[in-house]
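Contents: one structure, followed by commentary.
Numbering (our numbering), first residue to last: 612 to 778.
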């Protein structure tokens, strides 16, 4: 498995707002499009016939100052769905890892790292806010995506080179 550099990863991501600030050595920052509160009831079972996704409803943003161009979400402690501006279009032999941005962690919130394959219609994570209050600005960078490519036989190039050098 080989990591793709930031420029290679950006070629597979649509909706990047400002590549100059979002594309890094081996990561691309993901930005907040919408935040949803959860309906408190969901259900899971063994076979899936009684599965019920937790409902969601969009949260309104607020302007902090009249001259502000972007608005803010004011989140209390709890869980929220976050939808990103960016979407992925991965090759069959590629996988994406979405992890929390370090600033999100230091602000008192997190989401679990998630793997994605293919072309998910929307990218979203379940955000857990542990701080008493978290303010999130529209288009805030709260997550990073790393892309990896698998070799055609399941090995990376480095693994194939090592195997070839042993023969």
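Virtual Cβ for every residue (Gly too), placed ideally from N, Cα, C.
Report buried or exposed for residue i, applying the criterion of at least 16 other Cβ atoms within 10 angstroms of its Cβ.
i, result
"residue 633", "buried"
"residue 643", "buried"
"residue 676", "exposed"
"residue 594", "The chain is shown from 612 up to 778; residue 594 falls before or after that span and cannot be answered."
"residue 688", "exposed"
"residue 630", "exposed"
"residue 771", "Because the pLDDT of residue 771 is 47, which lies under 50, any placement of that residue in the model is unreliable, and the question is left without a value."
"residue 646", "buried"
"residue 626", "exposed"
Is the beta carbon of residue i within less than 6 Å of some heavy atom of the ligand COA?
i, result
"residue 668", "Of ligands this structure carries none, so the ligand COA is not represented either."
List the endpoints of the continuous alpha helix (DSSP H) containing residue i.
i, result
"residue 664", "Taken as a continuous stretch (DSSP letters only), residue 664 belongs to no alpha helix (DSSP H), as it is neither H nor E."
"residue 621", "617-621"
"residue 630", "630-633"
Please look up how many angstroms separate the CB atoms of residue i and residue j, rounded, as I've assumed it's under 8 Å.
i, j, result
"residue 740", "residue 720", "5 Å"
"residue 736", "residue 709", "6 Å"
"residue 749", "residue 672", "6 Å"
"residue 742", "residue 623", "Actually they do not touch by this definition, with Cβ atoms about 33 Å apart."
"residue 668", "residue 654", "With 8 Å as the limit, residue 668 and residue 654 do not qualify as a contact, their Cβ atoms being about 18 Å apart."
"residue 727", "residue 707", "5 Å"
Go to residue i, then tell me how far its beta strand (DSSP E) extends in each direction, as first and last residue.
i, result
"residue 646", "639-649"
Are the C-beta of residue i and some C-beta of chain D separated by less than 7 Å?
i, result
"residue 713", "No chain D is part of this structure, which consists of one protein chain only."
Can you give me the C-alpha to C-alpha distance between residue i and residue j, rounded to a whole angstrom?
i, j, result
"residue 628", "residue 731", "19 Å"
"residue 695", "residue 734", "6 Å"
"residue 705", "residue 714", "27 Å"
"residue 678", "residue 762", "51 Å"
"residue 635", "residue 617", "5 Å"
"residue 758", "residue 613", "9 Å"
"residue 716", "residue 662", "31 Å"
(message) Quick check on the DSSP output: what are the complete alpha helix (DSSP H) runs of length 4 or more inside the stretch 683-770, in order along the chain?
(response) Entirely contained in the stretch 683-770, the alpha helix (DSSP H) runs reaching 4 residues are, in chain order, 713-717.
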